[in-house]
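Note sheet for the following structure.
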Amino acid sequence: MTTTRRNVMAGAAAGGAALGGLPWRSARAQAANTIRIGVLNDMSGPYRDISGPYGLECTRQAVQEFGNRGFNVEIINADHQNRPDVGVNIARQWYDQGVDMIIDVPTSSVGLAVANIAREKNKVCVNTGSATSDLTGPACTPNTVHWMYDTYMLAKSTGGAMVRAGGDSWFFITADYAFGHALERDTANFVRNAGGRVVGQVRYPFPATSDFSSFLVQAQASRAKVIGMANAGADTINTVKQAAEFGITRRGVKLAALLMFLPDVHALGLQTAQGLILTESFYWDLNDRTRAISERLRPRLRDVRPNMASIANYSGALHYLKAIADMGVAASKASGAEVVARMKAIPCDDDAFGAGSIRADGRKLCPSYLFEVKAPSESRGPYDYYKLLQTTPANEAFRPMNEGNCPLVRA
Amino acid sequence: MDEIFGIPTPLLFGQLLLGLINGAFYAMLSLGLAVIFGLLNIINFTHGAQFMMGAFVAWMLLNYLGIGYWWALILSPLLVGLTGVILERTMICQLYKMDHLYGMLLTFGLSLIIEGVFRNEYGSSGMPYRIPADLAGAWDLGFMFMPVYRGWVVVFALFACISTWLVIEKTRLGAYLRAATENAPLVQAFGVNVPRMITLTYGAGVALAALAGVLAAPIYSVNPQMGTNLIIVVFAVVVIGGMGSILGSVLTGFGLGIIEGLTKVFYPEASATVIFIIMVIVLLARPAGLFGRA
Amino acid sequence: MAGHSMTSTAAPVGPQQHIFGFTKAQFVALCVMFVALIVAPFFLYPVFLMKLLCFALFACAFNLLIGYVGLTSFGHAAYFGMGGYIAAHSAKVWGLTPEISILIGALLAGVQGAIFGWVAIRRQGIYFAMITLALAQMIYFFCLQAPFTGGEDGIQAVPRGNLFGVISLANDMTMYWFVAAVFVICFLLIHRIVHSPFGQVLKAIRENEPRTTSLGYRTDDYKLVAFILSATVAGVAGGTKSLVFGIATLTDVHWSMSGEVLLMTLVGGLGTVFGPMIGAAVIVAMQNYLAEMGAWVTVIQGFIFIACVLAFRRGIVGEIANLLRVRL
Chain G
0 MTTTRRNVMA GAAAGGAALG GLPWRSARAQ AANTIRIGVL NDMSGPYRDI
50 SGPYGLECTR QAVQEFGNRG FNVEIINADH QNRPDVGVNI ARQWYDQGVD
100 MIIDVPTSSV GLAVANIARE KNKVCVNTGS ATSDLTGPAC TPNTVHWMYD
150 TYMLAKSTGG AMVRAGGDSW FFITADYAFG HALERDTANF VRNAGGRVVG
200 QVRYPFPATS DFSSFLVQAQ ASRAKVIGMA NAGADTINTV KQAAEFGITR
250 RGVKLAALLM FLPDVHALGL QTAQGLILTE SFYWDLNDRT RAISERLRPR
300 LRDVRPNMAS IANYSGALHY LKAIADMGVA ASKASGAEVV ARMKAIPCDD
350 DAFGAGSIRA DGRKLCPSYL FEVKAPSESR GPYDYYKLLQ TTPANEAFRP
400 MNEGNCPLVR A
Chain L
0 MDEIFGIPTP LLFGQLLLGL INGAFYAMLS LGLAVIFGLL NIINFTHGAQ
50 FMMGAFVAWM LLNYLGIGYW WALILSPLLV GLTGVILERT MICQLYKMDH
100 LYGMLLTFGL SLIIEGVFRN EYGSSGMPYR IPADLAGAWD LGFMFMPVYR
150 GWVVVFALFA CISTWLVIEK TRLGAYLRAA TENAPLVQAF GVNVPRMITL
200 TYGAGVALAA LAGVLAAPIY SVNPQMGTNL IIVVFAVVVI GGMGSILGSV
250 LTGFGLGIIE GLTKVFYPEA SATVIFIIMV IVLLARPAGL FGRA
Chain B
0 MAGHSMTSTA APVGPQQHIF GFTKAQFVAL CVMFVALIVA PFFLYPVFLM
50 KLLCFALFAC AFNLLIGYVG LTSFGHAAYF GMGGYIAAHS AKVWGLTPEI
100 SILIGALLAG VQGAIFGWVA IRRQGIYFAM ITLALAQMIY FFCLQAPFTG
150 GEDGIQAVPR GNLFGVISLA NDMTMYWFVA AVFVICFLLI HRIVHSPFGQ
200 VLKAIRENEP RTTSLGYRTD DYKLVAFILS ATVAGVAGGT KSLVFGIATL
250 TDVHWSMSGE VLLMTLVGGL GTVFGPMIGA AVIVAMQNYL AEMGAWVTVI
300 QGFIFIACVL AFRRGIVGEI ANLLRVRL
C-alpha cells in the first residue's frame, strides 16, 4: 500500500512537471497535430483518493489504448486544491495555451466555473468529478459533457430502490450545503413517490463536524427504518463508523450512503461497513468487461481497484478521442461545441460502462447499480466488497431531459 | 416532565452525555495547547496535525508491528512527543523572544508539511481502526444506548486532565514550571535547567494531543485532515477559558462540548458557529477569558 | 503580547529627499513597479496577473492594519469575501456596471468593518485576533446559509460587464488594465493615508499606545477609522477578484483565507510599502505553478513558511531593505 501510492504520485508529479511546466507562450508553437488533454482535479485534498492520481492514470490508460490514429495526444495534470480561483485560473490558462479538453474537475463550484470557461473559449470539458445535476440542468452548455454520477441519479437509485426493499421510513443526516440539500431533496421525493415517508432530518455544519453521534441518536429516536446520509467523503465515513459503534445497524436500521465510493468502503473496512447500501455506476467485479479493464489498469493503479469517478476519466477520454478521430484534428480544434456535438452523435462503447450514449443536454447515460456492502465472511479477497441488489437501466437512471431546465433542450 | 422545549427528556439527557464526550476531546486538546502557551508563549498551530499523528501512529503500530490499542495508548504519545521534542530543539526554540505571529506561522508551516506528507503516503480517505475488543459493546442506560468506548473516553480524558493539573499545581516540578513562566532567568539562576524543562513541556503538550488522537482513532475517521477542522475550535476553547489557564481550558472544553451538544438538538445548523458566538460574548465581558488573569 | 515587539523592518536611515511622500529608494521601487505592471502582461498570463494584483491589494489593505497600527486581524476574509459576493451579486443579478458593483461591495465591506471594528478594537493582541476570527466565522456561516450566495456552488457566471457602461471588459487584456488601475489607485491611496498626519498617529499607536493616549489622541477612534479603511480596501480587492474570475465562492470567506493574507504580508515584509505585493506574488505564484506538482503543493508551501520564519524574518522586502539600508 505504501509504495503504491508513492509510485503513482511520483509518476503523476513527473508527468505534470515535464508537460505542464512549459511557459504559456512557447506552448503556442506546439504542433497543430497534437491533442492536449488537461486533467484538473484534487491531488492533495479530501477528494484525492476518489480520483486524483488514479483518475490521471485512468486517463493515461485511455490514451494508451486509443493508440496513434494519425495524431498525438498529450496529457497534463494540475491540482486545483479545491479552490475555485486556482481552478479557474488554470483552466483559462490551459485553454488559452492550447489545451483542447479538460477532464475530471471535482467540487461543484469549480466544475460549474470550468464549464462556463469551456463555453466562453469554445473548448471541451468532460466533467467526471462533480455531483451537481445543474451541469445538465440550468447550467448546461454545448461544450460540457457530464460523464458520471449526479445527485439525481444517486437519489433515484438509492431512494427509490430502498423503499421497494421495505425501507419505507427515512431519517436524513444532511451536510448543510447545496450538495447535501440537493441529495436530501431528491431522495426524499423518490422515497415519497415510492410510498415511503420521511420522519425527520437534521442538517449539520459542513465541513466542521466530525462527531455524528448526536444526530445518530436523534435518528434512532425517530424510529426510522433507514438513515439516509446526504453527505460525502470523511463525513460519511465518520457517520458509518459511529453508527456501527452505537449499534444502530445491528438493530435492523439500514444505513443508506447517498454518495460513497469504493475507496471509502476500503477505508472503513468491511467489519464496520457491512450492510451499507450505496449506489455506483461502476464496480470492477460486475462483468467480464469490467474485470478486464480493471485488470489492465492494475499496474497503473498499483492494485487499487477503480471506482466510478476514477474510471469515468478512462471512459470519457476514450470517447472524446474517438470523436476527434471521427472529425479530424483541425476541425476539432476549431470548435469545442462541434466536438461535443459529435460525441453526442456517435455511440459510446467501452469496457468500463459498456454501450451507451450522450443526451442532448450533455448527460452521459449508463445504468446505475444499487449495492450492499458484504459482510467480512462473504468477501473472497481484496476489494471484493459489493453485492448487487438492483440495476436501474440507463434510460431511467437519470433525470428526464424535460425536467432539467437545460436551455439547450428547450431551444 | 416528558419534554423540554419540545424535545423528549430522554433524548436531551442523551445529548448532554454525548456533548460531554466531545467536550472530553476539546478538553484534552486545549489542555495541551494551554500548557504550551503558558510556558513557551507559542500558539501551537501544529496541534491538530499532532493529534492526527497520534491516531496514525496507533494505526501504524497495529498494522506494521501488530501492537494493539492498549500499548498504542502509551507508545503513540511517547513517539509523537519525541518528534515534538525534536521540533522544539531545532526550530521552535528560536522563537521565544518573538511576536506570537512568528510562532504561529512556523507551526502552521509545520502542520502543512506533516499533513501533506501523510496524505502522500496514506491518501485522504482514511484508515480503518477498530474499537478494542475489551471496550466493544454498549450499555443500555434506559434513555439511550451508550457505547462502552465512549464512557471510557470520558473517564480516561478526565483522568488525563486531572493528572496534568495535579502535576502542574501540586508537584515540585510543576512549581518550577510555573516559576519559569513568571521569570525564567531567575529560576535558571537557582540551578534549574530551564531550556530542558521547556523542551520537555512542549513534548508533553504534544503527547497530550497524540493521546487524544489515539482515543479518537476508533471512533473518528483516521485521515490526514482529521485535525484541521478541530484546531480552530480548540483555539476558541483555549481563548474562552483564558490563554494559558490549565483549569480554564479543561472546564471550558467540557462546558463547550455540552453547549455544542445542545445546539445540535435545537439548531444543528449553527452547532459549529455557536462556539464563536460564545467567544465574542466572553471576550467582550471578560477580556482575558473566563479563567484568565487580565 | 506587549513584551514581544515585532521585528522592526525599518533600517536606520538618515534624512532623505522625499518625492511625493516616497523616499528615494521607494520612488525607484515605485517606478520599477509601474514598469512591471505595464510590461508583465506581455510576458505572463494576464488572468494570473489579475489574481496576483487582487491579492496584492488585499494584502496591502491588511498591512495597513497590521503593519502600521499593529493590529493583527484574523478575520479579514470576511471583508474580502463579502466584497466579492456583493459585487458579484450586483453585477449578475442587478446588472450594474463593474465599477459600481465593486464600489457597492467595498461600501458594504466598509460598513461591516465599522461594526466589527467597533467591537474588536476594545481588545488587544491575541484577543483582538480571536474576536475578529469569531466574527468572520459568523460571516462564513451567514454566507453558507444565505440564499443569494448559492451555498458552496457560489455565485457562478458573473459577467465582467462594460466599464462605465461603455468599455467591454470581456477581453483579458482590457480587464487587466482596469484591474491594474484599481490596484494603483488603492495602492497610492493607502500610501497617502500612511504618510498623512493621521498615519503618523497610527504609527504612534503601534509603537506605544498609552503614550499616544496621554498626548491627547483618542486612539480608539484612530484605530476604528484604520479598521474601516482596511476593510473597505479588502472589499475592493474581493469585488475585483470576483469580477475577474466570474465567480464568488465560500473559499474567499473561509478562515484559511484570513490566514493566507497574513502569510502574504509576513512573507513580503510587515509594515513595508511593497512587501505585501511581493508576498502576494510569491504565494499566488506558488499556488499556480506548484499546482503541477500535484500533492506536494502544501508540503512545499510549508517549507517556504518555515524558511521565512527561521531565516528571513523581516520578509523578502524587509530583508532587501535591510541589506541595502533603505526603506522600501
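Protein chains in written order, with numbering that gives the first Met the number 0: chain G, 0 to 410; chain L, 0 to 293; chain B, 0 to 327.
Ideal Cβ placement from N, Cα and C applies to all residues, glycine included.
With contact defined as three or more Cβ pairs closer than 8 Å, the region 99-115 of chain B and the region 190-206 of chain B are not in contact. Under the three-state reduction of DSSP, B/Val-252 is assigned to helix. In its chain, beyond the 5 residues on either side, Leu-48, Met-172, Tyr-175 have a beta carbon closer than 8 Å to the beta carbon of B/Pro-40. Contact annotation: B/Ile-18 and B/Phe-26 have beta-carbon atoms nearer than 8 Å. Listed by position along chain L, the residues whose Cβ is nearer than 9 Å to that of G/Val-198 form an empty set, because the closest Cβ is around 14 Å away.
Residues of chain B whose Cβ lies closer than 7 Å to the Cβ of L/Thr-272 are, in chain order, Gln-136, Met-137, Phe-140. Excluding residues up to 5 positions away in sequence, Ala-76, Phe-79, Gly-80, Gly-83, Gly-237 lie with their Cβ nearer than 7 Å to the Cβ of B/Asp-251 in the same chain. In the same chain as G/Ser-221, and ignoring 5 residues on each side of it, the C-beta atoms closer than 7 Å to its own belong to Phe-170, Val-198, Gly-199, in chain order. Annotated three-state conformation of G/Arg-202 is strand, per DSSP. Taking a Cβ-Cβ threshold of 8 Å, the residues of chain B close to L/Ala-269 are Phe-140, in chain order.
Close partners of L/Leu-11 in chain G (Cβ separation under 7 Å) are lacking, with about 11 Å as the shortest Cβ gap. G/Tyr-203 counts as buried, since at least 16 other C-beta atoms from the protein chains shown sit within 10 angstroms of its C-beta.
For L/Pro-184, no chain B residue has a Cβ inside 8 Å of its Cβ, as the nearest lies near 14 Å away.
Using a Cβ-Cβ cut-off of 8 Å, L/Glu-114 is close to Thr-297 of chain B, given in chain order.
When only Cα atoms are considered, G/Asn-312 and G/Ala-242 end up about 33 Å apart. Fully enclosed alpha helix (DSSP H) runs of no fewer than 4 residues occupy 171-193 of the region 168-193 of chain B, in order along the chain.
DSSP places G/Asp-95 in no beta strand (DSSP E) but in the uninterrupted alpha helix (DSSP H) bounded by 83-95. Sequence-distant partners of L/Leu-214 (beyond 5 residues in either direction) whose C-beta falls short of 6 Å from its own C-beta, in its chain, are Val-152. Judged by DSSP secondary structure, G/Gln-389 falls within the beta strand (DSSP E) whose first and last residues are 385-391. Taking 8 Å as the threshold, the shortest C-beta distance from G/Lys-240 to chain L falls below it. In the structure shown, G/Asn-126 falls within a strand segment according to DSSP collapsed to helix, strand and coil. Taking each of B/Thr-148, B/Ala-35, B/Val-200 in turn and checking the Cα distance to B/Leu-214, the smallest one comes out for B/Val-200. Rounded to whole angstroms, the Cβ separation of L/Leu-10 and L/Thr-163 is 34 Å, and the two are not in contact under 8 Å. Residue burial annotation: B/Arg-191 is exposed, with fewer than 16 other C-beta atoms found within 10 angstroms of its C-beta. Cβ-Cβ distances below 6 Å link L/Gly-102 to Ile-41, Ile-42, Leu-94 in the same chain, with the five nearest sequence neighbours on each side left out; the list follows chain order.
Closest in alpha carbon position to B/Gln-111, among B/Met-137, B/Ser-100, B/Thr-218, is B/Met-137. Annotation: the continuous beta strand (DSSP E) that includes G/Val-38 extends over 33-40. B/Ala-55 is positioned such that its CB atom lies no closer than 8 Å to that of B/Ala-284.
Buried is the label assigned to B/Tyr-221, since at least 16 other Cβ atoms lie within 10 Å of its Cβ. Spanning the alpha carbons of L/Thr-262 and L/Val-273 requires a straight line of approximately 8 Å. L/Ala-209 counts as buried, since at least 16 other C-beta atoms from the protein chains shown sit within 10 angstroms of its C-beta. Flagged as an interface residue toward chain G: B/Lys-50, by a C-beta distance shorter than 8 Å.
The Cβ neighbour count for B/Thr-218, taken over all protein chains shown within 10 Å, is at least 16; the residue is labelled buried. At the C-beta level, L/Gly-47 and L/Gly-243 stay beyond 8 Å of one another. In the three-state reduction of the DSSP assignment, G/Thr-278 falls in the strand class. When the beta-carbon positions are compared, B/Ile-246 and B/Leu-262 stay at least 8 Å from each other.
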